[in-house]
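For reference, the structure discussed in these notes is given below.
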Amino acid sequence: MRSPSWIRAAKWAALLLVLAVALLFPAFESDPATVNIAVFTVMYVGLATAWNIMGGYTGYVSLGHAAFFGFGAYAFGLVLAHLGIQAGYEPFLFVPIAGVLTVVLALVIGWIALRTRAATFVIVTIAMMFMVQLLAENLVGLTGGGSGLSFPVPPWSGDFFDTPFYYAMLVMAIVSLLLSWWIRRSKFGLGLLAIRDDEDKALAVGVPAHAYKLTAFVISAGLVGMIGAVYGYYVTYIYPQYAIDPLVGISLVLMVFLGGLGTLWGPVLGAVILEPAQLWLAYNFGASLLYLVFYAAVFLVVILLLPRGIIPSVGDLLKRIAARRAVGPSDTASTSDTHAVAGVQSP
Amino acid sequence: MNALLELDGVTAGYGGGDVLHDVNLSIEEGGITCVVGPNGAGKSTILRLVSGLIRPRLGGLRFRGQSITGLSPRQILQLGIVQVPQERSLFPTMTVWENVRMGAYTLSDRALLERRMATVCDTFPIVAERRHERVAALSGGQQKIIEFARALMLDPKLLVLDEPSMGLDPKTHGVVFELIRDMNRSGRTILLVEQNARSGLGLASHGVVLESGRVRLEGTGASVLGNGEIGRLFLGAPV
Chain A
2 MRSPSWIRAA KWAALLLVLA VALLFPAFES DPATVNIAVF TVMYVGLATA
52 WNIMGGYTGY VSLGHAAFFG FGAYAFGLVL AHLGIQAGYE PFLFVPIAGV
102 LTVVLALVIG WIALRTRAAT FVIVTIAMMF MVQLLAENLV GLTGGGSGLS
152 FPVPPWSGDF FDTPFYYAML VMAIVSLLLS WWIRRSKFGL GLLAIRDDED
202 KALAVGVPAH AYKLTAFVIS AGLVGMIGAV YGYYVTYIYP QYAIDPLVGI
252 SLVLMVFLGG LGTLWGPVLG AVILEPAQLW LAYNFGASLL YLVFYAAVFL
302 VVILLLPRGI IPSVGDLLKR IAARRAVGPS DTASTSDTHA VAGVQSP
Chain B
4 MNALLELDGV TAGYGGGDVL HDVNLSIEEG GITCVVGPNG AGKSTILRLV
54 SGLIRPRLGG LRFRGQSITG LSPRQILQLG IVQVPQERSL FPTMTVWENV
104 RMGAYTLSDR ALLERRMATV CDTFPIVAER RHERVAALSG GQQKIIEFAR
154 ALMLDPKLLV LDEPSMGLDP KTHGVVFELI RDMNRSGRTI LLVEQNARSG
204 LGLASHGVVL ESGRVRLEGT GASVLGNGEI GRLFLGAPV
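Those sequence lines, one after another, are chains A and B.
Here the numbering used here is used: the first residue of the first sequence is 2, the next is one more, and so on.
Here the numbering used here is used: the first residue of the second sequence is 4, the next is one more, and so on.
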């Protein structure tokens, strides 16, 4: 059922409130440690949303998106170095170049990986990620190999250092969300959902499945690559195991599953819950790697108790409550015929 | 009446074996043709041929006098031959509206799409009434109606129905068959394959009995239904 008008108004009000809080956050919060957590949280909002365009809408679960994250960071660092771009705000203008280069890589990887389905696709994406990591390790002349790659160090210091990166990550998160929203409402998005439900049926009704999957994969990877670029500039130094970290890929998948796979706001909710918790554990119990145990526990809870994620589960619960209220005890018998067929007129 | 679809001496099958042997069949425009027969007679193979999922080894198919032998399923769909398969063919996580919209996925004219949607909503009010609900929440009969609605989105010239009574309770069965009759009255030619031979032939203007891949008997639906030998052999009881 379509939401009543007051619910839609409440949703718009909540959206505007969230946007206002996100935009004004650095103005109200001056503690660098807190803004640092906000930078990473907003980064994962963008990453999880971008991953959801592929994994959530088509049902093709990629565990190798860390390859695009790291590749974007490396590509950005090399572009800045070769063009001699100085530190400051100017490097942010070159982030789309990292996105374009990541798209080229994703076209090649996607062309191969998307010839497989289900578990085979998952394994192929993991293998591709380790191949990219090995290339970063071994192409020493280009990437610096194990010695890593340095970025220009931003000139900002003290309390202000995180703020430009917070807004850069916020822009990427908003772009990812707008693209995800547009795709979900488009004919292209409908085709992706059909592929997720049943790829053979989708082909039968005329969905060009391979082209659509590749397009979703490339869009998703391009966004992740651009976020990786901003990340590289933020941390100012990357090396293969750090930039192309399987845990990044697993984290964003877990966030999407927790919030709601294939929903617009599920990845946002998952990132906002998991990333601050993960950072708090890492800062307080970092040496013990307790946050990895936390991730494993969350994954088990999600799979066992909320297999569809928070947003779809809560949505279903609210619908059940509303339906129970709408159908009084006296109506129950008359609606018990679940095979009732209604609503047909002569063609 | 003119023949809308013709099978001329078709031999077809899978792997090394033939299922259909030299089958000649004519589907009259504006009628309901029902193909009945025991399991393995080749009923579903005829539907797969018509939808372009398999090609004949010998013979050919003509639609409005033009050969359609060897056309892809998408090309056949674009000619206006639309099939509603036996098994559930809806997308379970999509809403009613999205599922119906998928029926005209190949259509790029937005205005035409809107008009088709409006027509389908007039014909099947359930599409508009429950547009935001997931199809998985509907009963089996309601899902069958959504499948019909989706099939009508391409404004088919020939509607191919594979065992529409499968899995329906008697009450819903009656509604669905009345709906098939209504779609035919509105000018659509229907090719029906039905395991429930009495229901299918009772509805049909033309009946075909298939046995071991060959046409055993054909005639009006009523005459096939009234044939004593056929009744004993295929319809389960003396007629």
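Yeah, the Cβ is synthetic: ideal placement off N, Cα and C, and Gly gets one too.
Small disclaimer: the values here were computed from a predicted structure and weren't measured.
Which bits of chain B does residue i rub up against, with CB to CB less than 8 Å?
| i | result |
| --- | --- |
| D199(A) | F94 |
| L194(A) | F94, T96, M97 and E101 |
| K12(A) | Chain B residues near K12(A): none, gap ~15 Å exceeds 8 Å. |
| V315(A) | Per Cβ cutoff of 8 Å: no residues; V315(A) is ~16 Å from chain B at best. |
What are the boundary residues of the alpha helix (DSSP H) that residue i is part of?
| i | result |
| --- | --- |
| H66(A) | Careful: H66(A) lies outside any alpha helix (DSSP H) and carries neither H nor E. |
| N27(B) | Segment G20 to E31 is the beta strand (DSSP E) holding N27(B); no alpha helix (DSSP H) there. |
| H209(B) | Here H209(B) belongs to no alpha helix (DSSP H); instead the beta strand (DSSP E) covers H209 to E214. |
| R219(B) | Element bounds for R219(B): not the alpha helix (DSSP H) but the beta strand (DSSP E), R217 to G222. |
| V138(B) | Looking at the DSSP string, V138(B) is not in any alpha helix (DSSP H), and its letter there is neither H nor E. |
| F218(A) | A210 to V236 |
| I322(A) | I311 to A327 |
| D125(B) | R113 to T126 |
| Q361(A) | With chain A represented from 2 up to 348, any question about residue 361(A) goes unanswered, as that position is not in the structure. |
| G250(A) | P247 to G260 |
| N187(B) | P173 to R188 |
| L293(A) | L291 to L306 |
| P268(A) | G267 to F286 |
Output, in chain order, the set of chain B residues within a Cβ distance shorter than 7 Å of residue i.
| i | result |
| --- | --- |
| V62(A) | Neighbours of V62(A) on chain B: none; closest Cβ ~16 Å, over 7 Å. |
Measuring alpha carbon to alpha carbon, tell me which of the options ends up nearest residue i.
| i | options | result |
| --- | --- | --- |
| F152(A) | L79(A), T126(A), V141(A) and Y168(A) | L79(A) |
| P247(A) | Q134(A), L81(A), K188(A) and L179(A) | Q134(A) |
| T42(A) | L280(A), G111(A) and L318(A) | L280(A) |
| T59(A) | G85(A), L270(A), V206(A) and L193(A) | L193(A) |
| A225(B) | L206(B), T96(B) and S215(B) | L206(B) |
| P167(B) | D158(B), M156(B) and Q146(B) | Q146(B) |
| P76(B) | R58(B), M105(B) and G68(B) | R58(B) |
| S47(B) | L155(B), V163(B), M186(B) and T122(B) | V163(B) |
| L224(A) | W7(A), M55(A), A11(A) and L18(A) | M55(A) |
| L64(A) | A222(A), L291(A) and A174(A) | A222(A) |
| K214(A) | A205(A), L301(A) and A114(A) | A114(A) |
| Y240(A) | A74(A), R186(A) and L94(A) | A74(A) |
| N102(B) | V13(B), G43(B), L82(B) and L155(B) | L155(B) |
| A195(A) | V38(B), Y108(B), Y17(B) and V130(B) | Y108(B) |
| A217(A) | R326(A), G263(A), M129(A) and E30(A) | G263(A) |
| W112(A) | V125(A), G226(A) and A76(A) | V125(A) |
| G147(A) | G207(A), G316(A), W266(A) and Q242(A) | Q242(A) |
| L23(B) | L50(B), I30(B), N5(B) and E32(B) | L50(B) |
| G40(B) | H135(B), T175(B), L141(B) and L213(B) | L213(B) |
Chain B beta carbons: is any one of them nearer than 8 Å to that of residue i?
| i | result |
| --- | --- |
| G207(A) | yes |
| A343(A) | Because the pLDDT at A343(A) is just 49, under 50, the model does not fix this residue reliably, and the point stays unresolved. |
| G267(A) | no |
| I304(A) | no |
Would you mind telling me which residues of chain A sit closer than 9 Å to residue i, beta carbon to beta carbon, in chain order?
| i | result |
| --- | --- |
| Y108(B) | K188, L191, G192, A195, A203, V206, G207 and V208 |
| R104(B) | K188 and L191 |
Counting only C-beta atoms, is residue i closer than 8 Å to chain A at any point?
| i | result |
| --- | --- |
| L162(B) | no |
| R119(B) | no |
| T14(B) | no |
| L80(B) | yes |
Listing by chain order, which chain A residues have their CB less than 7 Å from the CB of residue i?
| i | result |
| --- | --- |
| R77(B) | G207 |
Residues of chain D with a CB under 9 Å from the CB of residue i: which are they?
| i | result |
| --- | --- |
| R58(B) | You won't find chain D in this structure, because its protein chains are A and B. |
Got a sec, what are the start and stop residues for the beta strand (DSSP E) residue i sits in?
| i | result |
| --- | --- |
| D258(B) | Outside the displayed span of chain B (4 to 242) sits residue 258(B), for which this structure offers no information. |
| D165(B) | L161 to D165 |
| T36(B) | I35 to V39 |
| V46(A) | Run containing V46(A): none in the beta strand (DSSP E); it sits in the alpha helix (DSSP H), P33 to T59. |
| T277(B) | Nothing can be reported for residue 277(B): it is not among the residues displayed for chain B, which extend from 4 to 242. |
| L61(B) | L61 to F66 |
| I84(B) | I84 to V87 |
Let me check you understand the geometry: is the CB of residue i closer than 7 Å to at least one non-hydrogen atom of the ligand GDP?
| i | result |
| --- | --- |
| L115(B) | Ligands are entirely absent from the displayed structure, and the ligand GDP is therefore not among its contents. |
May I have a chain-ordered list of the alpha helix (DSSP H) segments no shorter than 4 residues that lie completely inside the region 98–162 of chain A? Fully enclosed alpha helix (DSSP H) runs of 4 or longer: 119–139 and 141–144.
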